[in-house]
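Numbering (full-length UniProt numbering), first residue to last: 1 to 402.
Think of the CB as a built atom: it goes at the ideal place given N, C-alpha and C, for glycine as much as any other residue.
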């Protein structure tokens, strides 16, 4: 491994900021990353204050800090604060965007092979309700969405292009910028699921040309669980009404009339978890301070090193697609179920996860994928931990016949 990322990032200091590394070698960052001390402190301190003076009173006292998250998230992705809506999770954020759209019989929804199951289920529900159709864009020869194939599929009936940028079951990175360029060229709304991307690479919604982007806090962003956000471009926001409203997203203007909020917070509801919002803001600020380019470089170095080591182990099959790959590795061990591999690694103090075929049903069916072991490094993982997980998997593979 080169020492480029080591010289940019002080790995020892970052690990000292991460209490969890003392207990586990954490390679489940695509599930939920380890929280940094400033994030933990932000949540704990706010809850303590709630206990001391009351929930409403603590919110009033920390009004500016609670609202700072909109500016922080906007800086993270190159947006405007009024284009950001905070959500309980990425699924809720994505649903709020998707279900705000109007579909009718004959409309077409274009998506990717590796689309996340939760999104695809929503497509199916809307298709059943409205008569819209769902069409999967073919992959290129490397296994990523093919932009040329996408453009060839376009006509006046395409109502939405919705793509998962990095799927949950592997390191594939779909060509989101190319998709966005095509969508903008033809004036078609583009909804980008950036759940696995936010926090591990620089993101610029203007370069992506996406109209809507959704993400979670708990993965590479290292925020608490139960946090997420929606970005919706101002020009799209101005003509979009949420499927559901309450007294926060709109105000009554008369006995039978209401007015929407002018910003993306029209997608929110009045009640929320203020402590985790403080944590989300702290996590975003932490990532910005570390630097997204440095994070991406470090993640790539660790993942490429681990991928190279695993590729040399007899009995290991790697299942990641695409020319460009993110900090997720998917693998199977011949003769050992993925759940058993995870159990053995857990017993060795190594956290990984299992991605079942049901999480990416179209891709899994096309490739006849079994459940795969998902190993997802992050920048705070050490080189020693990379060697540790590779050695552990080598041991499992070697013992598979015994």
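#1: What distance in whole Å lies between the Cβ atoms of residue 137 and residue 150, which are believed to be in contact at a cut-off of 8 Å?
#2: So what's residue 216 in DSSP terms, helix, strand or just coil?
#3: Taking C-alpha atoms, which residue in 394, 58, 255, 216 lies nearest to residue 283?
#4: On the three-state DSSP scale, how would you describe residue 173?
#5: Where does the unbroken alpha helix (DSSP H) through residue 70 begin, and where does it stop?
#6: Would the segment 367 to 377 and the segment 174 to 183 be scored as touching if the rule is three or more Cβ pairs under 8 Å?
#7: Is the beta carbon of residue 486 less than 7 Å from the beta carbon of residue 205?
#8: Just tell me which of 342, 146, 327 has its CA closest to the CA of residue 201.
#9: Identify which residue in 19, 378, 390, 398 has its Cα closest to the Cα of residue 199.
#10: Please report the distance separating the alpha-carbon of residue 115 from that of residue 122.
#11: Could you round the C-beta distance between residue 375 and residue 354 to whole angstroms and report it? I think they count as a contact, below 8 Å.
#12: Inspect the beta-carbon positions of residue 335 and residue 400 and report whether they are closer than 7 Å.
#13: Closest by CA to residue 382, which one among 132, 322, 49, 302?
#14: Applying the 10 Å Cβ sphere with the 16-neighbour rule, what's the burial state of residue 72?
#15: When you compare the CB positions of residue 193 and residue 214, do they come within less than 7 Å of one another, or not?
#16: Secondary structure at residue 117, three-state DSSP: helix, strand or coil?
#17: Please list the terminal residues of the continuous alpha helix (DSSP H) segment that includes residue 363.
#18: Considering only the beta carbon of each residue, do residue 392 and residue 316 sit closer than 7 Å?
#19: Pick helix, strand or coil for residue 54, following the three-state DSSP scheme.
#20: Residue 315 by DSSP, collapsed to three states: which one?
#21: Give me, in chain order, the residues of the same chain whose beta-carbon lies closer than 7 Å to that of residue 267; leave out the 5 immediate sequence neighbours on both sides.
#22: Can you give me the Cβ contacts of residue 53 inside the same chain, cut-off strictly under 8 Å, excluding the 5 residues immediately before and after it?
#23: Within the same chain, show all residues whose beta-carbon is closer than 7 Å to that of residue 170, passing over the 5 residues directly before and after it, in chain order.
#24: Would residue 219 be called buried (16 or more neighbouring beta carbons within 10 Å of its own) or exposed?
#25: Going by the DSSP bridge assignment, what does residue 329 pair with across the sheet?
#26: Can you give me the C-alpha to C-alpha distance between residue 168 and residue 58, rounded to a whole angstrom?
#27: Looking at residue 26: is its Cβ nearer than 7 Å to the Cβ of residue 14?
#28: Would you list, in sequence order, the uninterrupted beta strand (DSSP E) runs of no fewer than 3 residues that lie entirely inside the segment 130 to 187?
#29: Name the one or two DSSP bridge partners that residue 86 has.
#30: Tell whether a beta-carbon distance below 7 Å holds between residue 100 and residue 93.
#31: Could you check how far apart the C-beta atoms of residue 212 and residue 236 are, in whole angstroms? I think they sit under 8 Å.
#32: Tell me which residues share the same chain as residue 47 and place their Cβ nearer than 7 Å to its Cβ, disregarding the 5 neighbours each side in the sequence.
#33: Any idea what DSSP makes of residue 197, helix, strand or coil?
#34: If contacts are defined as beta-carbon pairs under 8 Å, then residue 371 and residue 357 qualify, I think. What distance do you get, rounded to the angstrom?
#35: Which class does residue 249 belong to by DSSP, given the choice of helix, strand or coil?
#36: In this structure, what does DSSP give as the bridge partners for residue 28?
Short version:
#1: Residue numbering aside, residue 150 sits at position 150 when the chain shown is read from its first letter. Residue numbering aside, residue 137 sits at position 137 when the chain shown is read from its first letter. About 5 Å separates the CB atoms of residue 150 and residue 137; that is less than 8 Å, so the two are in contact.
#2: The residue you call residue 216 lines up with position 216 of the chain shown. Residue 216 falls in the strand class under three-state DSSP.
#3: Here residue 283 refers to the residue found at position 283 when the chain shown is read from its first residue. Out of 394, 58, 255, 216, 216 has the C-alpha closest to the C-alpha of residue 283.
#4: Translated into positions along the chain shown, residue 173 becomes position 173. In the structure shown, residue 173 sits in coil (DSSP, three-state: anything other than H, G, I, E or B).
#5: As a position in the chain shown, residue 70 is number 70, starting the count at 1. According to the DSSP assignment, residue 70 belongs to the alpha helix (DSSP H) that extends over 63 to 77.
#6: Short answer: they don't touch.
#7: Residue 486 lies beyond the stretch modelled for the chain, which goes from 1 to 402, so this question has no answer here.
#8: As a position in the chain shown, residue 201 is number 201, starting the count at 1. The shortest C-alpha separation from residue 201 is found at 327.
#9: Position 199 of the chain shown, counting from 1, holds the residue named residue 199. Comparing Cα positions, the closest option is 378.
#10: Residue 115 sits at position 115 when you count from the first residue of the chain shown. Residue 122 sits at position 122 when you count from the first residue of the chain shown. Here the alpha carbons of residue 122 and residue 115 stand approximately 11 Å from one another.
#11: By 1-based counting over the chain shown, the position of residue 375 is 375. By 1-based counting over the chain shown, the position of residue 354 is 354. Rounded, the Cβ-Cβ distance is 11 Å, inconsistent with contact.
#12: For the purposes of this step, residue 335 is identified with residue 335 of the chain shown, where counting begins at 1. For the purposes of this step, residue 400 is identified with residue 400 of the chain shown, where counting begins at 1. Yes, they are a contact pair.
#13: Looking up residue 382 in the chain shown gives position 382. Of 132, 322, 49, 302, the residue nearest in Cα terms is 302.
#14: Residue 72 sits at position 72 when you count from the first residue of the chain shown. Residue 72 should be labelled buried.
#15: Against the chain shown, residue 193 aligns to sequence position 193. Against the chain shown, residue 214 aligns to sequence position 214. Cβ distance < 7 Å, so residue 193 and residue 214 count as in contact.
#16: Mapped onto the chain shown, residue 117 falls at position 117. In this structure, residue 117 counts as helix in the three-state DSSP scheme.
#17: Locating residue 363 in the chain shown gives position 363, where the first residue counts as 1. That run of the alpha helix (DSSP H) goes 361 to 367.
#18: Here the question's residue 392 lines up with position 392 in the chain shown. Here the question's residue 316 lines up with position 316 in the chain shown. Taking 7 Å as the cut-off, the beta carbon of residue 392 is found no closer than this to the beta carbon of residue 316.
#19: Looking up residue 54 in the chain shown gives position 54. Note: residue 54 maps to coil in three-state DSSP.
#20: Reading the chain shown from its first residue, position 315 is the one you call residue 315. Here residue 315 sits in coil by DSSP.
#21: For this step, residue 267 is matched to residue 267 along the chain shown. Contacts found: 85, 96, 230, 242, 249.
#22: Stepping through the chain shown from its first residue, residue 53 is reached at position 53. Closer than 8 Å at Cβ, skipping near neighbours: 61.
#23: What you label residue 170 is simply residue 170 of the chain shown in a count that begins at 1. Taking residue 170 as the centre and dropping the five residues before and after it, the same chain places the C-beta of 319, 320, 321, 328, 330 closer than 7 Å to its C-beta, in chain order.
#24: Counting from one through the chain shown, the residue named residue 219 turns up at place 219. The C-beta of residue 219 has 16 or more other C-beta atoms within 10 Å across all chains shown, which makes the residue buried.
#25: Position 329 of the chain shown holds residue 329. DSSP output for residue 329 lists 375 as bridge partner(s).
#26: Taking the chain shown and counting its residues from 1, the one referred to as residue 168 is at position 168. Taking the chain shown and counting its residues from 1, the one referred to as residue 58 is at position 58. Going by the C-alpha atoms only, they are around 37 Å apart.
#27: For the purposes of this step, residue 26 is taken as the residue at position 26 of the chain shown. For the purposes of this step, residue 14 is taken as the residue at position 14 of the chain shown. Against a cut-off of 7 Å, the Cβ pair of residue 14 and residue 26 comes out as no contact.
#28: Every unbroken stretch of the beta strand (DSSP E) spanning 3 or more residues and falling wholly within the segment 130 to 187 is given here in chain order: 133 to 136, 158 to 164.
#29: For the purposes of this step, residue 86 is taken as the residue at position 86 of the chain shown. When beta bridges are read from the DSSP output, residue 86 appears opposite 229.
#30: Locating residue 100 in the chain shown gives position 100, where the first residue counts as 1. Locating residue 93 in the chain shown gives position 93, where the first residue counts as 1. For residue 100 and residue 93, no; Cβs fall outside 7 Å.
#31: Here residue 212 is taken as the residue at index 212 of the chain shown, counted from 1. Here residue 236 is taken as the residue at index 236 of the chain shown, counted from 1. Their Cβ separation, rounded to whole angstroms, is 7 Å, which keeps residue 212 and residue 236 in contact under 8 Å.
#32: By 1-based counting over the chain shown, the position of residue 47 is 47. The answer, listed in chain order, is 275.
#33: For the purposes of this step, residue 197 is taken as the residue at position 197 of the chain shown. Judged by DSSP in its simplified three-state form, residue 197 adopts coil rather than helix or strand.
#34: Numbered from 1 along the chain shown, position 371 holds the residue referred to as residue 371. Numbered from 1 along the chain shown, position 357 holds the residue referred to as residue 357. Between residue 357 and residue 371 the Cβ distance is about 7 Å, and since that is below 8 Å, they are a contact.
#35: In the chain shown, counting from the first residue as 1, residue 249 sits at position 249. Three-state DSSP puts residue 249 in coil, outside helix and strand.
#36: Locating residue 28 in the chain shown gives position 28, where the first residue counts as 1. Residue 28 pairs with 376.
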